[in-house]
Amino acid sequence: FFDMFLKLKDLTTSDNFREYDPDCKGVISKKEFQKSMESQKQYTQSEIEFLLSCVEADENDMFKYEEFVERFHEPAKDIGFNVAVLLTNLSEHMPHDSRLATFLDLAESVLNYFEPYLGRIEIMGGAKRIERVYFEISESSRTQWEKPQVKESKRQFIFDVVNEGGESEKMELFVNFCEDTIFEMYLASQSSQSDAAEQPEEEEDDDSHTVLSEL
Numbered sequence: 011f012f013d014m015f016l017k018l019k020d021l022t023t024s025d026n027f028r029e030y031d032p033d034c035k036g037v038i039s040k041k042e043f044q045k046s047m048e049s050q051k052q053y054t055q056s057e058i059e060f061l062l063s064c065v066e067a068d069e070n071d072m073f074k075y076e077e078f079v080e081r082f083h084e085p086a087k088d089i090g091f092n093v094a095v096l097l098t099n100l101s102e103h104m105p106h107d108s109r110l111a112t113f114l115d116l117a118e119s120v121l122n123y124f125e126p127y128l129g130r131i132e133i134m135g136g137a138k139r140i141e142r143v144y145f146e147i148s149e150s151s152r153t154q155w156e157k158p159q160v161k162e163s164k165r166q167f168i169f170d171v172v173n174e175g176g177e178s179e180k181m182e183l184f185v186n187f188c189e190d191t192i193f194e195m196y197l198a199s200q201s202s203q204s205d206a207a208e209q210p211e212e213e214e215d216d217d218s219h220t221v222l223s224e225l
């Protein structure tokens with residue numbers, strides 16, 4: 011169910027879809043919308059019919075597809091991300107549970123969709139056990155992480171190690187671990203700075219209220 015709405019954004023930003031709206035006016039007919047979904051071959055016939063039934067078109071059978079995507083894609087993304095976090099967490103704690111495996115199979119497409127955006131930080135819990143906290147990696151952060159110079163730096167490092175006779179597989183795993191850790195620490199640091207920046211403002215507000223009350 012989530013997957014059907016999650017694919018809407020990819021559909022409406024594809025080159026194939028732009029053929030129906032070359033001037034980027036944000037308006038398309040239901041018939042053209044149906045053709046675009048059929049040509050994309052990512053939806054079943056029943057899914058196409060359901061999505062068409064959700065469209066609120068005008069008297070000319072036209073509708074604003076960007077508003078349509080925002081209406082359904084964003085809520086599905088929010089709910090789907092929470093489902094992905096829950097299933098990922100459960101799969102780590104119950105890796106051999108047959109009942110959970112059934113849910114994982116059903117949600118495979120959703121898990122694959124959110125996998126690039128699913129970040130984690132490992133912290134020491136109250137019981138002195140390592141706990142994983144999951145968070146969503148924003149598109150901008152992911153774009154920075156996928157920059158060519160970052161990937162090239164990693165490839166060059168591994169290449170040098172291999173030429174020196176190192177154990178390439180273990181080294182690559184180690185580099186991946188280092189990169190992930192640095193990235194997670196950076197995001198955690200950004201989050202902490204954001205929280206710290208908000209606190210002085212709250213204190214200043216409290217002080218101003220005190221002065222006003224005294225006056």
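Just so we're aligned, residue 11 is where the sequence shown starts under the numbering used here, counting upward by one. All C-beta atoms in this analysis are idealised placements derived from N, C-alpha and C, irrespective of residue type, glycine included.
Glu80 is not a Cβ neighbour of Met14, given a cutoff of 8 Å. Shown here for Leu21: same chain residues with a beta carbon closer than 8 Å to its own, the five before and five after excluded, namely Phe27, Ser46, Met47, Gln50, Gln52 in chain order. Rounded to whole angstroms, the gap between the alpha carbons of Asn92 and Tyr123 is 13 Å.
Straight through space, the alpha carbons of Ile89 and Glu29 are spaced by roughly 31 Å. The secondary-structure analysis by DSSP pairs Val93 with nothing; it has no beta-bridge partner. Straight through space, the alpha carbons of Lys87 and Phe43 are spaced by roughly 21 Å.
In summary, Leu116 is exposed, with fewer than 16 beta-carbon neighbours lying within 10 Å of its beta-carbon over all protein chains present. Listed in chain order, the beta strand (DSSP E) elements of length 3 or more contained wholly in the segment 29–102 are 37–39, 72–74.
Cα atoms of Leu110 and Ser119: separation of roughly 15 Å, rounded to the nearest angstrom.
Between Tyr144 and Thr112, the CB-CB gap reaches or exceeds 8 Å. DSSP places Arg142 inside the beta strand (DSSP E), whose first and last residues are 140–146.
Rounded to the nearest whole angstrom, the C-alpha separation of Lys41 and Glu102 is 45 Å. The C-alpha of Glu84 is placed about 20 Å away from the C-alpha of Ala67. Going by C-alpha positions, Pro105 is about 11 Å away from Leu114. The Cβ atoms of Val65 and Phe78 sit closer than 8 Å to each other. Between Leu96 and Glu146, the alpha-carbon positions lie close to 13 Å from each other.
Here the alpha carbon of Leu62 sits roughly 15 Å from the alpha carbon of Asn70. Counting only the Cα atoms, Glu76 lies some 6 Å from Gly36.
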